[in-house]
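Count along the first sequence from 1, then add 7; that gives the number in our numbering.
Think of the CB as a built atom: it goes at the ideal place given N, C-alpha and C, for glycine as much as any other residue.
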Amino acid sequence: MLDIRLLREAPSAVKARLETRSSQFPDLVDQILAIDARRRESETRVQHLRAEKNRLSKEIGMMKKSGGDSSEFENQVKGFASEMDDLGRLATELDAEQRDLLLRVPNLPSPGTPEGREAADNAVIRSWGVPTPSNSEDHVTIGERLGLFDLERAAKISGSGYVIHTGAGARLERALINFLLDLQTRSHGYTEVAPPVLVRRDCMEGTGQLPKFEEDMYGFDGGDSFLTPTAEVSLTNIHRDEILSVSTLPLKYTACTPCFRREAGSAGRETRGMIRMHQFNKVELVKICTPEQSSAELETLTADAEKVLQLLQLPYRVLELCTGDIGFSAARTYDLEVWAPGQGAYLEVSSCSQFNDYQARRMNLRYKNAEGKNVFCHTLNGSGTALPRLYVALLETHTKPGGPLILPDPLQPYFGAAQIG
RNA sequence: GGUGAGGUGGCUGAGUGGUCGAAAGCAGCGCUUUGCUAAAGCGCCGUACUCCAAAAGGGUACCCAGGGUUCGAAUCCCUGCCUCACCGCCA
């Protein structure tokens with residue numbers, strides 16, 4: 008959430024920055040400022056009435072104590088009680104309305120974020136490895152041939168968008184998870200966490216999935232709790248409503264959890280195979296740090312995710328997303344796209360984002376700085392990485408048509424063999 | 001799921017209708033004194049919002065959350081959430 012004071016003090020700068028995302032946002036800012044003005048006006052009047060009420064009540068107390076007659080004062084207080092109630096209600100309403108609208112304003116893109124409207128405007132900033140020619144089998148063919156997973160029976164029990172990993176395929180999934188978590192904890196210093204995947208509504212608001220994207224989420228109990236679409240939600244919210252000691256920062260957490268997404272509006276897109284799922288495993292990396300640390304932490308976070316692809320010998324490229332393509336809560340984002348020869352395309356396997364204090368403000372996550380002031384933290388996250396697309400790239404890259412899947416060296420001890428098939 | 005007990009400031013913990021944003025202690029900060037990694041004394045020490053051009057200084061709200069009773073609520077009532085204990089059920 009943006010600081011309302013920033014909107015008040017520099018509305019045109021804020022609107023100009025939001026405009027680079029989409030033209031719908033400047034109007035929203037005006038709407039919020041109008042409500043803010045009304046809200047403050049009614050709040051001020053209520054406060055004055057309450058001050059008067061408190062003063063009279065205090066006098067009544069003293070009169071009662073000394074045995075005087077206070078009925079005149081009592082009537083006086085009663086006299087403006089209803090005006091006070093009305094104004095108070097109005098102020099509360101406007102406050103809620105303002106907050107709700109403010110929660111629907113996305114983060115300001117960082118100054119360095121390239122401007123652009125759509126994915127085509129993203130900037131390729133580096134690539135690694137040489138993409139293999141796209142004449143291999145696709146992962147569905149390989150998976151069927153080697154008996155690694157079963158999409159049809161998954162559809163039978165859960166519908167489309169689910170997978171059953173079977174036999175060596177299930178073991179490979181487990182080997183990948185262990186490899187990824189060990190890499191991030193042992194080599195990169197993240198603390199492993201095994202969080203709940205069902206969270207309360209306020210956590211989903213904290214990281215920015217709600218209120219705007221409720222139709223993409225699996226909700227329960229009338230919208231009180233949700234299955235998390237990414238471990239980002241659980242991990243970043245761990246310290247919500249806390250004031251952290253600066254000496255503990257940056258905090259670095261990783262977790263592998265199932266992720267649940269309705270993918271509303273994505274029907275028909277990339278539906279073959281495991282590229283877009285309603286449930287999938289993902290290793291997530293989350294950092295909580297100070298504003299000063301934040302930008303450098305984005306670079307190391309991205310490098311931590313890239314290491315996965317390098318070790319697994321999977322060619323990839325890194326994009327810096329443009330203003331029109333970065334996520335709602337993000338100020339700046341690098342996407343890692345792995346080459347999938349069977350698709351003849353790059354697949355997004357990680358999105359590494361810097362949120363500045365946008366999420367922290369939503370979840371009231373602060374730290375006490377050297378001057379003893381409570382300051383909002385900065386948060387970051389990225390995948391390290393999503394399993395299904397990593398799996399797809401692994402199969403399509405390391406399998407020759409009709410041949411076995413040759414596992415990259417670092418994976419072999421985790422799987423317990425050098426190849427499958 | 002049932003029963004019971006609770007949720008007060010960074011922590012411990014008083015406070016059962018009025019002058020309580022809240023005693024006291026601890027921790028923290030500042031000063032003084034004592035020549036020795038410490039003690040004692042004194043002072044300061046919550047957050048958010050808001051008014052004022054700003055500072056100074058006011059004001060309002062906050063004792064888990066939301067409602068209610070009352071001229072007045074940390075205190076009484078209702079609901080919810082959470083914690084603890086025991087019972088039941090269960091991977």
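Counting C-beta atoms within 10 angstroms of its own C-beta, residue 248 has fewer than 16 neighbours from the protein chains shown and is therefore classed as exposed. Unbroken beta strand (DSSP E) stretches of 3 residues or longer found wholly inside the segment 360–428: 373–375, 381–383, 385–393, given in chain order. By a beta-carbon distance limit of 8 Å, residue 128 contacts residue 329. Their separation comes to about 4 Å. Between residue 415 and residue 428, the gap from beta carbon to beta carbon reaches 8 Å or more.
Residue 43 and residue 102 have their C-alpha atoms roughly 8 Å apart.
Considering only 268, 289, 141, 361, the residue with the shortest C-alpha distance to residue 335 is 361. CA-CA distance, residue 137 to residue 146, rounds to 19 Å. Residue 162 and residue 255 have their C-alpha atoms some 46 Å from each other. Contact annotation: the segment 236–251 touches the segment 208–227, with at least three C-beta pairs closer than 8 Å.
Between residue 282 and residue 396 a beta carbon distance of about 6 Å is seen, short of the 8 Å cut, so the two are scored as contacting. Residue 357 carries a strand assignment under DSSP once its states are collapsed to helix, strand and coil. By alpha-carbon distance to residue 13, the top candidate from 258, 364, 371, 379 is 364.
For the pair residue 28 and residue 113, the CB atoms are nearer than the 8 Å cut-off. Residue 323 has its alpha-carbon roughly 21 Å from the corresponding atom of residue 121. Secondary structure remark: continuous alpha helix (DSSP H) runs of at least 4 residues inside the segment 96–120: none found. Contact holds between the segment 386–395 and the segment 305–321, because three or more Cβ pairs, one in each stretch, are under 8 Å apart. Relative to the Cα of residue 327, the nearest Cα in the group 340, 264, 253, 320 belongs to 340. By the C-beta criterion, the segment 282–302 is judged not to be in contact with the segment 83–92, since fewer than 3 inter-stretch pairs fall below 8 Å. 8 Å or more divides the Cβ of residue 401 from the Cβ of residue 343.
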